[in-house]
Each structure stands twice: as C-alpha cells, then as structure tokens.
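When we follow our numbering, the leftmost residue of the sequence shown carries the number 179, and every step to the right adds one. Don't be surprised by glycine CBs; every beta carbon is placed ideally from N, CA and C.
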Amino acid sequence: LRLRAPQTADARSIVPMIGDFEIAKNLSSAPHPYFETDWYELLDRVNEGHARGTDFTFVITRASDGAVMGMCGVHWRDGGFFEIGYWLGRPHWGEGFATEAARRISAFAFHDLKVETLVAGYFADNPASGRVLAKLGFAPDGMRIKDSRARKAPVECNMMLLPREHFGRRRIAA
Ligand SMILES: CC(C)(COP(=O)(O)OP(=O)(O)OC[C@H]1O[C@@H](n2cnc3c(N)ncnc32)[C@H](O)[C@@H]1OP(=O)(O)O)[C@@H](O)C(=O)NCCC(=O)NCCS
179 LRLRAPQTAD
189 ARSIVPMIGD
199 FEIAKNLSSA
209 PHPYFETDWY
219 ELLDRVNEGH
229 ARGTDFTFVI
239 TRASDGAVMG
249 MCGVHWRDGG
259 FFEIGYWLGR
269 PHWGEGFATE
279 AARRISAFAF
289 HDLKVETLVA
299 GYFADNPASG
309 RVLAKLGFAP
319 DGMRIKDSRA
329 RKAPVECNMM
339 LLPREHFGRR
349 RIAA
C-alpha cells in the first residue's frame, strides 16, 4: 500500500466506504450517515491541523493501481499525546492492510514527529483492531468510556500504549 495526502476528489471513494455503519461505529468521530460535506469539513480540519503540526492524516491506496482503500493518521490530543487511527473499506478487510497502515503511521510518528509514546484506543467490541495494535507491540493501558459519534452513545474503549523502544527498529517510510 501507499499513503498520500487526502484530496477533495477522494470524496467519491471515501464517502461510500466510511458511510458503512460497520466502519463508522468503530471510530470515535465519524458521523453516520456520512455526507460529502463531512468529507470537505474533515479536509479543512486536516489541512489546518497539518499546518499547526497537530494532525497528519493519510489516504491508504493500493500500490498496484492507486485504488483508495481507507485512511490512517496520527492526531494530537488535548491530553498531551499523539494517537493513531485507521480504517479500511469493507472489501479490503482481512488482508493485513490495517496492520501495514498502522505500522507505517507509527513509523512516521516515531521517526518524523519524534513521538516518544504513541496512544491508540479500540472499542471493546472491535477485537480485530485490538489484534492489529497488539501485532505492532502496543500494550494495554486501561479502559476509558469514549463517545462514538456514529452510535450516538458512550462505548467502552481499550486504551493501548506503544513506547518508541518497543517498536521495530526498521525504518519504514510513510
Ligand atoms: C479493524 C480493521 C482496521 C482491521 O483491518 P484489516 O485490514 O482486516 O486488519 P489486518 O488484516 O491487518 O489484521 C486483522 C487481525 O485481526 C484478526 N481478527 C479479525 N477479526 C477478529 C475478531 N473478530 N477477533 C479477533 N481477531 C480478529 C485477524 O485474524 C488479524 O490478525 P492475524 O494477522 O493475527 O490473523 C478493519 O476491520 C476496519 O477498518 N474496521 C472498521 C474501522 C475500525 O475498526 N478502525 C479501527 C478503529 S480503532
């Protein structure tokens, strides 16, 4: 896969994929239903955050043909830490892409942003994401209640931590 900056024209492929409740329900901030205007608002936030050094969001594409498969990113949180996130369109599940994307974005955070410890969280009813994080070396750091915008409800969220020294030493460009 390849990671690149999100663009206006990605609305065509992103909006139908993230509009799937099975995806949105596992993310904290994605609305449901998801409209094209939500994508443009996200782009504004991402561009603003990028300029301030607080948001680094990428579109995940298939290297062979450039097809858009999902998104990943690393985001500065008010608590004073960087958190990673990722999602893939349903047709692309189960092929190891989330693990590869999460590994790339973590490498970007450690090497380019000089982050010391990365944070991630997954909802308790989303064990596949927990497995992705465990494969990268993330370790449990307690449970929090987080709001899911799509579910319009608070959900148990397992928090995970990855200190720089627990991440593979191989340099993987984002
Ligand atoms: C969760 C998600 C990112 C996984 O993407 P993916 O590309 O299928 O993930 P990968 O193939 O890299 O790895 C998934 C791992 O979870 C495992 N897994 C899948 N379903 C599982 C389940 N129900 N219980 C436990 N493990 C599960 C897989 O076997 C695999 O582990 P393995 O390599 O040891 O066999 C994807 O389903 C998704 O985008 N979901 C919606 C959004 C989301 O949940 N984002 C993450 C928010 S924290």
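In angstroms, rounded to a whole number, what distance separates the CA positions of residue i and residue j?
| i | j | result |
| --- | --- | --- |
| residue 292 | residue 331 | 34 Å |
| residue 351 | residue 231 | Low confidence applies here, because residue 351 scores a pLDDT of 42, under 50, leaving its location unreliable; read the following figure in that light. Going from the Cα of residue 351 to the Cα of residue 231 covers about 18 Å. |
| residue 207 | residue 242 | 30 Å |
| residue 337 | residue 322 | 7 Å |
| residue 276 | residue 335 | 19 Å |
| residue 214 | residue 262 | 24 Å |
Between the options, which lies nearest to residue i when the distance is taken from Cα to Cα?
| i | options | result |
| --- | --- | --- |
| residue 294 | 345, 183, 270, 267 | 345 |
| residue 317 | 243, 207, 298, 257 | 298 |
| residue 181 | 229, 247, 262 | 247 |
| residue 309 | 281, 325, 328, 322 | 281 |
| residue 268 | 256, 195, 343 | 195 |
| residue 271 | 249, 255, 315, 219 | 249 |
Using a threshold of 9 Å, state whether the C-beta atoms of residue i and residue j are closer than that.
| i | j | result |
| --- | --- | --- |
| residue 266 | residue 311 | no |
| residue 197 | residue 211 | yes |
| residue 188 | residue 237 | yes |
| residue 199 | residue 328 | yes |
| residue 225 | residue 326 | no |
Report, in whole angstroms, the separation of the C-beta atoms of residue i and residue j, which I expect to be a contact under 8 Å.
| i | j | result |
| --- | --- | --- |
| residue 192 | residue 217 | 6 Å |
| residue 184 | residue 235 | 6 Å |
| residue 233 | residue 251 | 7 Å |
| residue 264 | residue 279 | 5 Å |
Just to confirm the assignment, what range does the alpha helix (DSSP H) spanning residue i have?
| i | result |
| --- | --- |
| residue 271 | No alpha helix (DSSP H) holds residue 271; DSSP gives it neither H nor E. |
| residue 199 | 199-202 |
| residue 223 | 214-230 |
Residue range of the beta strand (DSSP E) that residue i falls in?
| i | result |
| --- | --- |
| residue 295 | 295-301 |
| residue 266 | 259-266 |
| residue 334 | 331-341 |
| residue 318 | 317-326 |
| residue 253 | 246-255 |
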